[in-house]
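The block underneath contains the structure these notes are about, expressed in structure tokens.
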Amino acid sequence: MIQNKEQWLEEASKKIKVPKELIEKAFHDELNGNPSIDAPLEVPDIMDITYKYTYGGISRFFREIRDNKQLYGTKCTHCGKVWLPPRINCNECYAPTKWVKLGSTAKIITYTIVYYATSVFYGKTPYVCAFVKVEGSDTLIMQNVFLEDVKKARVGMKLKIQFKEYRNGDMGDFWFVPAGEDLQHE
Amino acid sequence: MNKVGIVGVGTTAFKARWIEKTYYELAYDAAKLALEDAGIDKKDVGGVVYGIYNEFFERQFMPDVYIHNYIGMGLKPSVRVATGGATGGAAVFVGWTWIASGLYDIVMVLGVEKATDNYNYAVGHPTPETLKAILFSGDMTFENPMGLTAAASYALPMIAHIDKYGTPTEKQMAMVSVKNHKNAINNPIAQSPKLLTVDDVLNSKMITYPFKFYDNCLYSEGASAIILASEKVAKSLSDNPAWITGVGLSLDKAFAGERDDITIFTSSLYAGNDAYKMAGIKNPIKELDFAELHDAFTGAEILSYEAFNFCKPGDGGKLIEDGVVEMGGSLPVNPSGGLIGCGHAVGATGVMQTGEAALQVQGRAEKRQVKNARVGLVQSIGGPATAWTAAMIVERQDKIRVQRGKGTKGQGVKGARMKRTKGKGSKGARVQQARGKR
Ligand SMILES: [Zn+2]
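In order, the protein sequences belong to chains A and B.
Every letter in the first sequence is one number past the one before it in the numbering used here, and letter 91, counting from 1, is 91.
Every letter in the second sequence is one number past the one before it in the numbering used here, and letter 190, counting from 1, is 1190.
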């Protein structure tokens, strides 16, 4: 039996970063019941690692987005293919690539509408994930498309890029909206 | 290459939660069942291949090392396979190579997964955390931040396919759900045996367009093991072993935006073609007696009919409409109930389905037995946008295949098999051709 419920909850809450009330609810029987000594015993836990991650050779891609609201791809110096997501070499030619400016329009090649997501995306459902072809690029990039009505998403839909006001240097800094509409998503 | 037999099968119940067992306790149960089924002792096992997908599910990195210890296999060769949803099938593939190469006479392939020890305290349910754990398999820089769930990963090629061919329709997908939930009623290990109507499926809530609740498989916990053996050992252990006569493995571009064609399951096409060629199968819809496919989502089963050449691209939905893939049809798909009926205990799933195929061809599948099941196909899919496929052909003793070959069709099949196993030239050609294609 848990000796000091309050202290146990306090420590659990600190450990797994979940409010005490929710932990109390989840462990109600263990805290308040009298489970047999052989009953399965559950414990609160978390796996948590912090990083200082490097974008390596494609760092410029994220600086251009963050600092200049500009999308860049990379062009193979051998075959001329334009990559987005960018890469510093071509996996077909094994040749280096160089940075090229891309346009601000795009087209949906395929998409889906997510109604049920992970806790990270609560409050954002339903949202559209799409493979889009950005003007000037030969490959597709995955990005969110924001629409007034998600059910209006279609293959072939024309899009324009929008940037977040305060940008962090990650893929969340931009998204797409229908080209013809005056829709500002934030 | 040496012949590879399946001489033992053992699967625990697939359940929403195995609160009373840890992952290695579940693994032990499956190992024990498979060893007993094969009639061998653990000391007879030459090595073990583990199929375990997700570290965050198990709350453990390198979980295989603790299982190996726990099930008493210490100091024997062992390797873990992790290929997303295809983990179980890919583990069978690796185990097959260990026997086919002549390295070992008996190999255990053991898949296990505990997917619901994750827990989301805000909703009081594991699923959001389970999805989060899976999301780490999407590219962390370019895909993870977009909220691409496993269902979305399948939905992207699905929508592209629907846009191009107009199929599968929502009704065709719903029919697959009804079939697989119903088939599971005959499977004692299944998590979701249910009699549903097409309307039940169509009216269930949207999860990820175009998949509704009943179009999805459920996350599951469970373990499954099979015992593979060389020809000599297999024949000494059983007068009716199952044989894995063809294998294929393909990994498509994980950045699916680089693919030439996103409307089809290309890795299944390649893995299937390799497995068919090895087994000498030329006309799958006629030669296969059943298939255990990776129906993580109903539409995935239909696109798999097409990728495995049961029909032309775009025509998959007709096979469910015409009843071809129903239990009474000419090519029943997922007699076990598949992932939708049994649940998806990821690392265990492909092993379970390979074991099911063995039970079918051995005539041991009890209530879910397909009549005269001689040759079956097993598929495991995994990775971003169905990047990975492992495919296996499982069949009965050669003599049965040869007997069938008394007709005109079978002779050709037998001839192709002989060429494959005996003629080095044809094998070289196959490898070369496969390389050229990729
Ligand atoms: Zn190039």
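Backbone N, C-alpha and C define an ideal beta-carbon position, used for all residues, glycine too.
Within chain B, P1145 and M1146 have C-beta atoms less than 9 Å from the C-beta of G172/A, given in sequence order.
Residue contact with chain B for V18/A: present (Cβ-Cβ distance below 9 Å to some residue of chain B). At a cut-off of 8 Å, the beta-carbon of E1258/B does not count as near ligand 1: no heavy atom of the ligand is closer than that. At least one CB of chain A lies nearer than 9 Å to the CB of V1123/B.
C-alpha of F1290/B to C-alpha of V1324/B: approximately 10 Å in a straight line. For a Cβ distance threshold of 7 Å, residue set Y115 of chain A lies close to M1206/B, ordered along the chain. In the three-state scheme derived from DSSP, where H, G and I count as helix and E and B as strand, S59/A is classed as helix.
Put simply, of I1159/B, L1148/B, M1278/B and T1022/B the residue whose alpha carbon is nearest the alpha carbon of P1063/B is T1022/B.
P85: these are the residues of the region 85-96 of chain A whose beta carbon lies less than 7 Å from some beta carbon of chain B, given in chain order. About 42 Å separates the Cβ atoms of D1239/B and M1173/B, ruling out a contact at the 8 Å cut-off. Under the three-state reduction of DSSP, S1380/B is assigned to strand. For I161/A, the enclosing beta strand (DSSP E) has its first and last residue at K158 to F163. Within chain B, the residues whose beta carbon sits less than 7 Å from that of T112/A are A1152, A1155, L1156, I1159, T1208 and Y1209, listed in sequence order.
Burial check for A1122/B: the Cβ neighbour count within 10 Å stays below 16, so the residue is exposed. With a cut-off of 8 Å on Cβ pairs, the region 1150-1168 of chain B is not in contact with the region 173-180 of chain A, counting fewer than three such pairs. According to the DSSP assignment, T1130/B belongs to the alpha helix (DSSP H) that extends over T1127 to L1135. Taking a Cβ-Cβ cut-off of 8 Å, the neighbours of K124/A in chain B comprise G1147, given in sequence order. Taken through DSSP and simplified to helix, strand or coil, Q1362/B comes out as coil. Membership of L9/A in any beta strand (DSSP E) is not indicated; the residue belongs instead to the alpha helix (DSSP H) covering K5 to I16. Residues of the region 1262-1296 of chain B that bring their beta carbon within less than 9 Å of a beta carbon in chain A comprise I1262 and T1263, in sequence order. With contacts defined by Cβ atoms closer than 9 Å, S119/A and N1120/B form a contacting pair.
Against V155/A, the close residues of chain B are I1159, A1160 and D1163, in the order they occur along the chain (beta-carbon pairs closer than 8 Å). Taking C-beta separations shorter than 7 Å and ignoring five residues to either side along the sequence, the partners of C93/A in its chain run C76, H78 and C79, following chain order. In this model, D1041/B and N4/A are separated by some 48 Å (Cα to Cα). Classified as exposed, V1065/B has fewer than 16 neighbouring CB atoms from the shown chains inside 10 Å of its CB. Chain order is used for the residues whose beta-carbon lies nearer than 6 Å to a heavy atom of ligand 1, namely C76/A, H78/A, C79/A, K81/A, C90/A, E92/A, C93/A and A95/A. Taken in chain order, the members of the region 35-49 of chain A whose beta-carbon sits within less than 7 Å of a beta-carbon on chain B are P40, D45 and M47.
Look at A1391/B here: in three-state DSSP terms it is strand. Between T139/A and F1255/B, the gap from beta carbon to beta carbon is short of 9 Å. With 16 or more other Cβ atoms from the protein chains shown falling within 10 Å of its own Cβ, S1192/B counts as buried. Per DSSP, reduced to three states, the secondary structure at T1354/B is helical. With a threshold of 9 Å between beta carbons, R1374/B makes no contact with chain A.
When Cβ-Cβ separations below 9 Å define contact, A26/A makes contact with chain B. CA-CA distance, L84/A to G1363/B, rounds to 52 Å. About 5 Å separates the CB atoms of V1378/B and E1292/B; that is less than 8 Å, so the two are in contact. Interface residue (Cβ-Cβ distance to chain A less than 9 Å): P1077/B is not classified as such.
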